[in-house]
Amino acid sequence: MASLGYRRWSALAVVLGATLVVVGLVGPAQALTARTVYIKASPTSTYGGTKVTYSGSVTHTGSGKTVRLQRWNGSSWINVVSTTTKTGGAYSLKATMYSTAGTYKMRTVAPKTSTLATAYSRTISVKSLGVNPNIPVITTTSLPEGDKGIDYSTTLQVNGDPGTWSVSSGDLPAGIDLDADTGQLAGNPTAGGTTHFTVKYTETSGGLSDTQALTLVVTPDPTITSPTTLPAATRLSPYSTTLTHTGHAGTWSVPDNSLPAGLELDADTGSLHGTPTASGTFGIYPTFTETSTGRTAFKALSLTVNGAALAITTSSPLPAGNVGQAYSVTFTKTGGAGTWSSLDLPDGLTLDENTGTLSGTPTTGGDYAIFIGFTETATGDLVTKGFALHIAAPVITTTSVPDGTTGTAYSQQLAKTGLAGTWSVKQGNLPPGITLSSGGLLAGTPTQAGDYGFTVTFTETSTGASDNQVYLLHVSDPGSPVISTPNQLPDGEVGTAYSTTLAATPTGGTWSIVYGSLPVGLTLDPATGEISGTPEFAENAIFIAKYTKGATSNTKAFSLNVADAPAG
């Protein structure tokens, strides 16, 4: 029957060929040559995974023409594999038998060319017996990860008879080898990365084999990945940043006492946190150690902590004070909040521990060395600084007294600094009729004209401290000219031109020196009262000048100080 069927197919091909020829006569001049495709399979029944050879020939076809193997999928023919013909139109294709048991319909096709018509072979059936129960099966489908620089070992597993292992495609990771007898993958990986390869197991007795595609991941050495630069911190402000790494789980560490004061590194999380108490730029040297492998990663980082360090910024010496006068100065500092302290303060002064204000009324004069401290609350740090403080003893602040006139009541209150005390005349004589009270009041009615020099002393009652002041008090007769120039004339300087003019009313009189003398180099103009010239020596000259207007005159004592010229 098969032979008859084949002959019927051939007869039909002849008819179709004749038909094509007829059509060719009607249409274009060139006709397509009809062909016959022969096919056979070997074996026609076998286990899945076994190669089946499909061979035959194509009539009217030379070498180099395409032949495709097709399979019927239930609704259409699908291409499986293709080849090209050899001399005489012969062909041979190999295809793997399907693993699912069943019968499969197959055919070969010779596609149309410019001169040859499409030709189809008869349909043949091949039977899959399913999976060969005797074929070895590699049961290892995935591999444990490896680590660069760490010994690695795992053994591939297979169900089958004794055989050997090999790598059929791809390459093993550098440093890893496959033992052909045991299937052990072992070695020391020299580089990190992901490697894809296929292993093959071949049974010694029957040559049956199986292959398995595998992937081996080798983790590189751990690295500290972030941050590349530590964010800046601010002194006494909370700080937090987290270090990250590649590789397996592990712990963090830094050298002992290497972190800025107030910061710590969490060994488990890599969190660098705390409140820094010192400012500056610090080297941070974290190390990450993998727990499972012992591999380490190191990184050198720099951390800048902004903010001024703790310091007392007030300069020494402090502003001078006076006995008996209210005094106040406030110390300044950098750093955080805290409290102030002191040592060796002058009597009468106290330091406010909250504001840093030194205040009060000093009771004893002198030069003091005091010590001020500030303790920062957040850190407990203490900074101290020494200061020089001068407290002046009582000072008589009235430096001159006004002139008086005979027969006219006179009154001048002398002023001073310091505590309460008494006044007295230490040297010289007051004008007749004038007295000095213990309270410092010069008062009375002068009875005799003239120039009177005397020294007044003020003595503090509680401390005994005192100060002296020399006065010149000029007393004139009524109707005599009035000399208005103060007793103390402007200072002069050696080698520098000097000029000052004595003044009196009424004007128009003449001037003369009646006691003492002017500094060397200076002269008095009788008509104008101008004292001028260039002083030649440093001295303190005291003299009495007389002003005459008609039949009246008056005198007054003056002091003129000449200082040396500055050096250089």
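Residue numbers (UniProt numbering): 1 to 568.
No residue lacks a Cβ here, since even glycine has one placed at the ideal position from N, Cα and C.
Item	Value
Close beta carbons around Tyr6, own chain, < 6 Å, minus the five adjacent residues each side	Reliability of the predicted coordinates at Tyr6 is poor, the pLDDT of 33 falling under 50, and the value obtained from them is presented with this limitation in mind. There are no such residues.
Three-pair Cβ contact test at 8 Å for the region 174-190 versus the region 111-123	no
Backbone secondary structure at Thr281 - three-state DSSP	strand
In DSSP terms, what Tyr306 is bridged to	The question names Tyr, but residue 306 in the sequence shown is Asn. BP columns for Asn306 point to Thr234.
Ile284 versus Leu272, Arg295 and Thr293, residue with shortest Cα-Cα distance	Leu272
Residues near Gly407 by beta carbon distance below 7 Å, same chain, minus five either side	Thr445 and Pro478
Nearest-angstrom Cα separation, counted from Thr228 out to Leu243	9 Å
Reference Ser226; option with closest CA among Ala267, Ala465 and Pro286	Pro286
7 Å CB neighbourhood of Leu25 in its chain, flanking five on each side removed	Residue placement at Leu25 is flagged as unreliable, the pLDDT there being 36, under the threshold of 50; the coordinate-derived value follows with that caveat. Excluding residues within five positions, none has a Cβ falling inside 7 Å.
Whole-angstrom distance between Thr364 and Ala388, CA atom to CA atom	15 Å
Same chain only: Cβ atoms within 6 Å of Val470, ignoring 5 sequence neighbours per side	Thr455
Reduced DSSP category for Val22 - H, G, I as helix; E, B as strand; rest coil	Only weak support is given to the placement of Val22: the predicted model assigns it a pLDDT of 32, under 50, and the value that follows is read from those uncertain coordinates. Helix, per DSSP.
Three-state secondary structure assigned by DSSP to Thr219	strand
Beta-carbon gap between Ala557 and Asn487 smaller than 8 Å	yes
Endpoints, the beta strand (DSSP E) within which Ala41 is located	Lys40 to Ser42
Proximity below 8 Å, CB of Thr291 to CB of Gly250	yes
Chain-order list of residues whose beta-carbon lies under 8 Å from that of Val482 (same chain, five-residue window excluded)	Asp403, Ser476, Ala504, Thr505 and Asn554
Where Gly89 falls: helix, strand or coil (DSSP)	helix
Beta-ladder partner(s) of Ile312, from DSSP	Lys333
Per-residue burial, Ser205 [other beta carbons within 10 Å of its own, 16 or more giving buried]	exposed
Test item: CB-CB of Gly170 and Thr198 under 8 Å	yes
Burial state of Glu460, where buried means 16 or more other Cβ atoms lie within 10 Å	buried
Cβ-based burial, Gly448 [other Cβ within 10 Å; buried from 16]	A small correction: the amino acid at residue 448 is Gln; Gly does not occupy that position in the sequence shown. Looking at its Cβ environment, which holds fewer than 16 other Cβ atoms inside 10 Å, Gln448 is exposed.
Gly183 versus Gln157: straight-line alpha-carbon distance, rounded	7 Å
Distance, Ser209 Cα to Gly64 Cα	34 Å
Val305 beta carbon less than 8 Å from that of Gly338	no
Reduced DSSP secondary structure (H/G/I, E/B, other) of Leu358	strand
Check whether Gly373 and Trp340 have beta carbons under 8 Å apart	yes
Helix, strand or coil at Met1 [DSSP, three-state]	With a pLDDT of 33 at Met1, under the threshold of 50, the modelled position of that residue is not reliable, and the figure given next carries that caveat. Here Met1 sits in coil by DSSP.
Span of the beta strand (DSSP E), counted from its first residue to its last, around Arg71	Thr66 to Trp72
C-beta atoms of Pro162 and Thr154 nearer than 8 Å	no
8 Å contact criterion, which Asn159 and Pro136 should meet: CB distance rounded	6 Å
The region 56-70 contacting the region 94-111, beta-carbon criterion three pairs below 8 Å	yes
Neighbour-count burial assignment, Ala180, 16 or more Cβ in a 10 Å radius	exposed
Residues bridged to Met106 [DSSP beta-bridge criterion]	Arg71 and Ile124
Which of helix, strand or coil DSSP assigns to His196	strand
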